[in-house]
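Asks: Taken in order, these protein sequences are the chains called Z and Y. One point on numbering: in the numbering used here, the residue at position 53 of the first sequence is 53, and numbering is uninterrupted. One point on numbering: in the numbering used here, the residue at position 20 of the second sequence is 433, and numbering is uninterrupted.
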Amino acid sequence: VQRVLLLIPSTSYRARDYLDAARRLDVEIVVGSDHRQALEKFSGGRSLALEFTPIGEGVARILEYARRFPLRAIIGTDDETAVLAAAASKVLRLPHNDPESVAIARDKHRFRQAMARGGVRSPWFRRISLDEDLEATARSISYPCVLKPLNLSASRGVIRADDAAGFVAASRRIRNILGTTNAAAHAKPGDSILVEAFIPGREVALEGLLERARLRTLALFDKPDPLDGPYFEETIYVTPSRLPEVRQREITAEVDRAACALGLREGPVHAELRVNDAGVWMLELAARTIGGLCSRVLRFAPGVTLEELVLRHALAQPTDHLTRHGDAAGVMMIPIPHAGRLRAVAGLDAARSIPAIDDVIISVTIDDWLVALPEGDRYLGFIFATGDSPAEVEGALRRAHRQLAFDIERAAA
Amino acid sequence: MFVRVQRSTESALRIARHFVGHPAISHVLYPGLETHPGHDVALRQMTGGFGGMLSIRHKRGEAAAIATAAEVAVFKRATSLGGVESLIEHRASVEGPSTPVPADLLRLSIGLEHPDDLIADLERALERAAAAESIPVGAPVHGGPSGLDEEDTGDPATTRLRRLVERQIRPLAIERGGDLTFRGYCDGIVELAYSGSPGAAIPIRGDIRNTIVHYVPEVVDVRLVVADADSGAREPVGPAGSVLERVNRILDARINPAVRVHRGFIRLMGIEGNTASIRFEGGCQGCAMADVTLRQGVEVIIKEQVAEIVAVVDITDHAGGANPYFKTRKGPS
C-alpha cells in the first residue's frame, strides 16, 4: 500500500482536492488533522487526530502511528503542518526538507535574515517588540513601511504605515489582532512584529516544485490589482504572467536563490515577489502550495491537479513531463468589504453565466459573521475563469465579481 | 470582565460545595474545594479565586450523565466556556471514543445566572434523569410493518416509547407553549407530531432524540412532523433486505450516531444502479471535513457492508450549510 499522511487543518479548503488526487493515483491517504474525524472509528486507520504543535509531540504521535501503518510520505498543506511534516519525515527517513529551513520560512523575521545572508534582494527590515515605546520607535523608522505579524498568513495583520502616527496606530491594531488569535502556533500579545520597507511595484506569485534542490516553475501569476495598502488583500491571480520573458526569468532565478538561501530542497514552494524598476524583490517564500481553492485553476495535463503533482513528487514518481496545461487561467478571492453578518448573496447565476467563468464558489455561509482585513481570516469565496488570454480571464473575473451582491448587515453602533 | 469573572468564580465555588456528597454524584472536581488534589497548588497560584469551571461525575455512569445534561433548563448545552451563560456538556461525547475524559463526567462553565437557580436546575435535572430510569429498557425491537404506525401495535418498544413521550417529553413541549404526541415507530425511527409553537419542539429536537435513544436504545432517530399534516420528505424506504433498506440501516445504526457528535446527519437520497446518493445535513453541511467524512467513513462502511454499492456520491448543497461543524478559514491551506 502506498500510504501518505496528509497533515491538514480541520478548517482547510483542501481536503477534497487531495482526496481526489489520491484516488486517481490509487494512493491511500491518511488524514492527519487537529480534530478527531466524526467517523474515525470506521476509517480503518486512515484518520489520525494529532496536535500540530508542539512539534515534538506531533512527531511522536506520527511515529507511533507509522509503527502500525508504515508511511511512504508525509505532506503538509499549510505553513504550520509543513514544519511538522518535515520534522516527522526526517525521523522516519522519508524525503523531506530540513525542518529548520521550513520553520525559518514561516517566521517572517528569520526569513528576512536568511534572505539577507543569502544575498537575495530584500527590503530593509527590523524586528520590534510591541511592548517597547512605540512612539520612540516610530521616530526611528523610515516611511512608508509595512508592519507584519511574524506568523500570521494571508495578509492578516499586515498594515502599511506612512508616518509615525500611522505606525503607532498600526502597531496597536496588530497587538489587538494577536490578542484575539488563539491558535497555539500564533504569536501572543507582547510578541514582536516585523517592520520592513514598503516596496512599490507590481506583485507576482510563483508556484514551484523543488526536486533535489532544483526549482521547476509550475506557474507564474500576475496580481493585477495594486497592492499598495494600507491593507494587502489578495484578489486576482492570473497566469501566465504578462511580464516580459526576461523579467519572468529573473523572478524564477530570485526564487531559486531564496530557496537555496533557506536550504529548501524538496516539494512545493509558493513565493510572493514585487517587481519594479530596481528589479525583483522577494517578499515571502513558503514550503507549501498556493492556498485556499486557488490551486483549482492549475492543470498539468488533462485532469492532473496541483495536488496530484505534489502527491506524485512525494512518492518519487516522475513529474517532469507534467507542465501547466491549457489556456490562460485565473482566480479571484472575493474580499470581505466590511464587517457584519452575511444575510444574502445575489447574482450567482449571472456571474456564472459570464463567458470564460468556470465557477463561482461562496465559501462562507448565510448568517456568518464576517470580518474584513486586516483582522479577518476568511474570503467570501472564489471565482474561477479560463480563457484565451490573461486579459480575457482578468476581465471575466472582474465582470463576474460585479454581478455579485453581498448583503452584509453591519453591526449596530 | 473583572466583575464577571469574580461572579462566576463565586457561583462556581458555591455550586461545587453544594453538590459535594450529593447522592447522584460521585465526584465534584473543582480546585477551590479543599478535597481537590490540586487545592494546595491552586491556593498558591489562583490568588483571585478558583475560576468558573467545574466538573461533576455521575454515580450511575455515562447514560445518566447524558440524561442529566438533557434535562437542564437554565444551563445551556454547549461546548464553550467563560461566557455569561452557564453551559453544560458531556465532554466525552465531544472528544470521541479515545478521550481520556471519564464517560460519566459533565463539564460546567458557570456564568452570571443566580447560583440558586443553577443549583435548582441541576438538582431538578438529576432528579428527572433518575426518575426516568425507572422506565425499563426492554426487549429488542422487531422490524414491524413498513411505514410508521399510528396505532399501538402491541410492540413492547412502541408501548415504552408512547409512555416515555407522554411522561417526559410532552410536558417539556407544553411548558414551551406547544404540544407533542407520539405518532409512530418503525425500523428505529420514531415520529412525533407537534402542534402550537414550532419553538416548543424544534429547538429541543436534539434533546428529545437523546432522551429517547437513551431509554429505548433501539431507536436511531426521531422525526418531528406537524400534527395533522403529512410528514413530507422522508428517506426512501425499501422492502426489508433491499439495498435501500440495508444502506438506510447502516446510516441509522452506525453512521448517524457518530456524526451526531458533530451535530450532523446523513440522509440517503436514493440509489441508482450501484451508486448511493447521500445528503449531508446539520453540522455536516458545508463542513470543511465533509469530504473526509464521505471518503474515509461513509463510503468505506457502506461499500464494506453492502456489496452491491460501488460508489457513494454526495449531492449536498454545501454552500447552503448554515452551521458547519468545521468552517473553512482563509490562509494558505
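Using N, Cα and C, we set each Cβ at its ideal position, and we do this for glycine too.
How is Y/CYS700 classed by DSSP in three states: helix, strand or coil?
Replies: coil
Asks: Buried or exposed: Z/PRO70, going by 16 or more other Cβ atoms within 10 Å of its Cβ?
Replies: exposed
Asks: Could you tell me which uninterrupted alpha helix (DSSP H) segments, each at least 4 residues in length, are contained entirely in the segment 295-334 of chain Z, listed from first to last along the chain?
Replies: 306-314
Asks: In this structure, does DSSP put Y/GLU536 in helix, strand or coil?
Replies: helix
Asks: In whole angstroms, give me the CA-to-CA distance for Z/VAL59 and Z/GLU80.
Replies: 13 angstroms
Asks: Kindly indicate if chain Y contains any beta-carbon less than 9 angstroms away from that of Z/HIS96.
Replies: no
Asks: Of all the options Y/THR624, Y/ILE602, Y/LYS716, which has the alpha carbon lying nearest to the alpha carbon of Y/ASP665?
Replies: Y/ILE602
Asks: Which of the three DSSP states is assigned to Y/VAL578 in this structure?
Replies: helix
Asks: When DSSP labels each residue in this structure, what does Y/MET466 get in the three-state scheme?
Replies: strand
Asks: Would you mind sorting Y/GLU721 into buried or exposed? The rule is 16 or more other CB atoms within 10 Å of its CB.
Replies: exposed
Asks: Please report how far the alpha carbon of Y/GLY445 lies from the alpha carbon of Y/ALA455, in whole angstroms.
Replies: Whole-angstrom Cα-Cα distance: 7 angstroms.
Asks: As a quick exercise: from Y/ILE684, Y/GLY495, Y/VAL674, pick the residue whose alpha carbon is nearest that of Y/ALA425.
Replies: Looking at the Cα atoms, Y/GLY495 is the closest of the given residues.
Asks: Of all the alpha helix (DSSP H) runs that stay within the bounds of the segment 624-693 of chain Y, which reach a length of 4 or more residues?
Replies: As far as the segment 624-693 of chain Y is concerned, its whole alpha helix (DSSP H) runs of at least 4 residues are 656-663, 669-672.
Asks: Determine the direct distance from the alpha carbon of Z/GLY376 to that of Z/ASP278, and round the result to whole angstroms.
Replies: According to the sequence shown, residue 278 of chain Z is Ala rather than Asp. Answer to the nearest angstrom: the Cα atoms are 33 angstroms apart.
Asks: At the level of alpha carbons, what is the spacing between Z/LEU348 and Y/VAL487?
Replies: 43 angstroms
Asks: List the DSSP bridge partners of Y/LYS489.
Replies: DSSP output for Y/LYS489 lists Y/LEU500 as bridge partner(s).
Asks: When the Cβ atoms of the segment 415-432 of chain Y are set against those of the segment 382-395 of chain Z, are three or more pairs found closer than 8 angstroms?
Replies: no
Asks: When the Cβ atoms of the segment 276-290 of chain Z are set against those of the segment 97-117 of chain Z, are three or more pairs found closer than 8 angstroms?
Replies: yes
Asks: Can you give the Cα-Cα distance for Z/PRO123 and Z/PRO144, rounded to whole angstroms?
Replies: 12 angstroms
Asks: Measuring CB to CB, does Y/SER519 end up less than 9 angstroms from Y/THR492?
Replies: In the sequence as presented, Ser is not what sits at residue 519 of chain Y; that position holds Leu. In this structure, Y/THR492 does not lie closer than 9 angstroms to Y/LEU519 by Cβ.
Asks: Kindly give me the distance between the Cβ atoms of Z/PHE52 and Z/LEU84, rounded to whole angstroms, as I take these residues to be in contact under 8 angstroms.
Replies: Contact between Z/PHE52 and Z/LEU84 holds, with the beta-carbon distance rounding to 5 angstroms and staying under 8 angstroms.
Asks: Give the C-beta separation of Y/ALA516 and Y/GLU484 to the nearest angstrom, bearing in mind that I take them to be a contact with Cβ-Cβ under 8 angstroms.
Replies: The C-beta distance from Y/ALA516 to Y/GLU484 rounds to 18 angstroms, too long to fall under 8 angstroms, and the pair is not in contact.
Asks: Flag Z/TYR65 as yes if its beta-carbon sits less than 9 angstroms from any beta-carbon of chain Y, otherwise no.
Replies: no
Asks: Return the residues of the segment 464-497 of chain Y that lie within a Cβ-Cβ distance of less than 9 angstroms from chain Z, sorted by chain order.
Replies: none
Asks: Give me, in chain order, the residues of the same chain whose beta-carbon lies closer than 8 angstroms to that of Y/ILE728; leave out the 5 immediate sequence neighbours on both sides.
Replies: MET682, SER690, ILE691, ARG692
Asks: Below 7 angstroms CB to CB, which residues in the same chain sit around Y/GLY464 once its five sequence neighbours on both sides are set aside?
Replies: Excluding residues within five positions, the ones whose Cβ falls inside 7 angstroms are THR422, ALA425.
Asks: Quick check on Z/ALA15 - is its C-beta less than 9 angstroms from some C-beta in chain Y?
Replies: Closer than 9 angstroms: yes.
Asks: Please go through the same chain and pick out, in chain order, the residues whose beta-carbon is closer than 8 angstroms to the beta-carbon of Z/CYS260, but skip the five residues on each side of it.
Replies: GLY118, ALA213
Asks: What is the C-beta distance between Z/HIS401 and Z/MET332, in whole angstroms, given that I count them as a contact (C-beta under 8 angstroms)?
Replies: 6 angstroms
Asks: Does any residue of chain Z have a CB that is nearer than 9 angstroms to the CB of Y/ALA720?
Replies: Closer than 9 angstroms to the CB of Y/ALA720 there is not a single CB belonging to chain Z.
Asks: What distance in whole Å lies between the Cβ atoms of Y/HIS627 and Y/ILE479, which are believed to be in contact at a cut-off of 8 angstroms?
Replies: 6 angstroms
Asks: Take Y/GLN752 and list the residues in its own chain whose beta-carbon comes closer than 8 angstroms to its own, dropping the five residues that flank it on each side.
Replies: Outside the displayed range of chain Y (414 to 746) lies residue 752 of chain Y, so it cannot be described from this structure.
Asks: With H, G and I counted as helix, E and B as strand and the rest as coil, what does DSSP make of Z/GLU266?
Replies: Assignment of Z/GLU266 by DSSP, reduced to helix, strand and coil, places it in the coil class.
Asks: Below 8 angstroms CB to CB, which residues in the same chain sit around Y/GLU502 once its five sequence neighbours on both sides are set aside?
Replies: ALA482, ARG490, ALA491, THR492, LEU519, ARG520
Asks: Measuring straight from C-alpha to C-alpha, what distance separates Y/ARG467 and Y/ILE615?
Replies: The residue asked about is misnamed: residue 467 of chain Y is Leu in this sequence, not Arg. In this structure, the CA atom of Y/LEU467 is about 30 angstroms from the CA atom of Y/ILE615.
Asks: Go to Y/VAL418, then tell me how far its alpha helix (DSSP H) extends in each direction, as first and last residue.
Replies: Run containing Y/VAL418: 415-432, per the alpha helix (DSSP H) assignment.
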